[in-house]
Structure formats: structure tokens, C-alpha cells
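K.L.:
In short: position in the sequence shown from 1, add 69, done, that's the working numbering.
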Amino acid sequence: MCRVNAQQPQIPIQDCTFCNLSQKAQDVTFANAAIDIVSYRNDDDSKGVMTSNATAGMMKRFSSLSELEQWLQRTTGNSSLKFRGYYGADPLIKNPGLRSKTGLILTAVLEGERGDNLVTAYDLTRLISMVGWHPYLTKTTRLPGAQWHSLQTVVQAMGYDTARYIEAAISRLGLGDTIREPVILGV
């Protein structure tokens, strides 16, 4: 999403679709792909179908793994993190393209050397905070290239996360006396 908006800031990501550049197949909207990743709605553990992981792997195909790792290191400030692996499933589309209503925007690149995914909870929290606080951050502290109209699609998808029941999570973890004012991202 950051790469799309950096190239074409006006493109609303919710109108974009992933397509298979190697064969005819049904396109997947960016919004549905994001929901699939956070909701696990199309996963079937009993059959080994991990659509959420395969979809996330497909999204990693638009940068080499080393470029994506370096971007994440710069964005989080954690130069020790590793982000060169997939998620136990082959990418949903191995040769994806991303299309807007006006044409093809991104195509897959050579992945490069694979490795581990060693991303901390802090790194993830920082990224989610950068999404939620985007309208209030200076341009130099925002996710590079990101536009709020596209980030809203990501925030809406995050609402499908099965861990979104904050009250139950706080209670179950015994943190009721520790966490007093949780912040919930909303659109």
C-alpha cells in the first residue's frame, strides 16, 4: 500500500485488485485480501489450507525480501529484525500484479534470498500505531508514501481480527488493574 501510494497518491487502495499474471484466475480485491489475512476466515487447519498466510506471502512478492526487510527496519527503527520468510504456505499468487481501475500498478519481483521472520511485538505495535496516528504525525514520521484514504482500508480490515475483543483479552490476561484506558483504532 505504501509503494502504491508513493507512486500514485490519489489511487484508493480499496479499488485495487490482485491478479495472476501467469494464468487466468479470479482477481482478489485489496480489501478482501487484507480481511483474509487478519480474520483467518478462509483458513481450514484440518485441510492444511492457510489462506491468511498465503495471502500475506503474495503481498510480499512486490519487493525483494531484502528490500522489504530493509524498509521494515527503517520504518520501525529496529535494524536487528529479520523479515525474509513466508508463513508456512506458498504465496496465494506466485506471480501477482496489482491493478487499479486505470491499469497495472505493481508486478512481482524476484524474491531473493529467503530467511527467517523475526519481528518483535514492539515492531508490530509501532506499525499499528503509525497507522492509527497517521493523520496526526508529521510527513517525515508517517509510513512512507501512505495516504490516509488507503490506510482506512487497512484499519477496516483490522476490525475483522479475531483478537479485537479487547475487554475479554484484558480480563483473560488479568490486566484489568494495569490497563485502564486502551486505545482502539477506528475509521
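Beta carbons are placed, not taken as given, at the ideal position from N, Cα and C, and that holds for glycine. Since we're looking at a predicted model, the values are computed, not measured.
Can you give the beta carbon distance from I174 to R168, rounded, assuming they're within the 8 Å contact cut?
P.N.:
The residue given as residue 174 occupies position 105 in the sequence shown. The residue given as residue 168 occupies position 99 in the sequence shown. About 7 Å separates the two Cβ atoms, so the contact holds.
K.L.:
Can the beta-carbon of N122 be found closer than 8 Å to that of G172?
P.N.:
Here residue 122 is taken as the residue at index 53 of the sequence shown, counted from 1. Here residue 172 is taken as the residue at index 103 of the sequence shown, counted from 1. No, they are not a contact pair.
K.L.:
When the Cα atoms are used, what is the spatial distance from R195 to N111?
P.N.:
Mapped onto the sequence shown, residue 195 falls at position 126. Mapped onto the sequence shown, residue 111 falls at position 42. R195 and N111: Cα-Cα distance of roughly 28 Å.
K.L.:
Please report the straight-line C-alpha distance between F266 and L179, rounded to a whole angstrom.
P.N.:
This structure leaves residue 266 out entirely; the chain is present only between 70 and 256.
K.L.:
Nearest-angstrom Cα distance between D84 and D114?
P.N.:
Numbered from 1 along the sequence shown, position 15 holds the residue referred to as residue 84. Numbered from 1 along the sequence shown, position 45 holds the residue referred to as residue 114. Their backbone Cα atoms lie some 30 Å apart in a straight line.
K.L.:
Run the CB neighbour count on A237, radius 10 Å, all protein chains shown included, and call it buried at 16 or more, exposed below.
P.N.:
The sequence position of residue 237 within the sequence shown is 168, counting from 1. It counts as exposed.
K.L.:
With distances taken Cα to Cα, identify the nearest neighbour of L141 among T120, N186 and I106.
P.N.:
Taking the sequence shown and counting its residues from 1, the one referred to as residue 141 is at position 72. Considering only alpha carbons, the answer is N186.
K.L.:
Can you name the residues that DSSP bridges to P251?
P.N.:
Within the sequence shown, residue 251 is the residue found at index 182, counting from 1. Answer is none; P251 lacks a bridge partner.
K.L.:
Have a look at E182, R249, V223 and Q225 and flag the residue whose alpha-carbon is nearest the alpha-carbon of I235.
P.N.:
Looking up residue 235 in the sequence shown gives position 166. For I235, the nearest C-alpha among the options comes from R249.
K.L.:
Is it buried or exposed, A215, if we count other Cβ atoms within 10 angstroms and call 16 or more buried?
P.N.:
Numbered from its first residue, the sequence shown carries residue 215 at position 146. The residue in question, A215, is buried, as its Cβ has 16 or more Cβ neighbours within 10 Å.
K.L.:
Taking the alpha helix (DSSP H) that R195 falls in, what are its first and last residues?
P.N.:
Counted from its first residue, the sequence shown places residue 195 at position 126. First-last of the alpha helix (DSSP H) with R195: A190 to G201.
K.L.:
In terms of alpha-carbon separation, which member of G126, N164 and P165 lies closest to F152?
P.N.:
The sequence position of residue 152 within the sequence shown is 83, counting from 1. The residue with the shortest Cα to Cα distance from F152 is G126.
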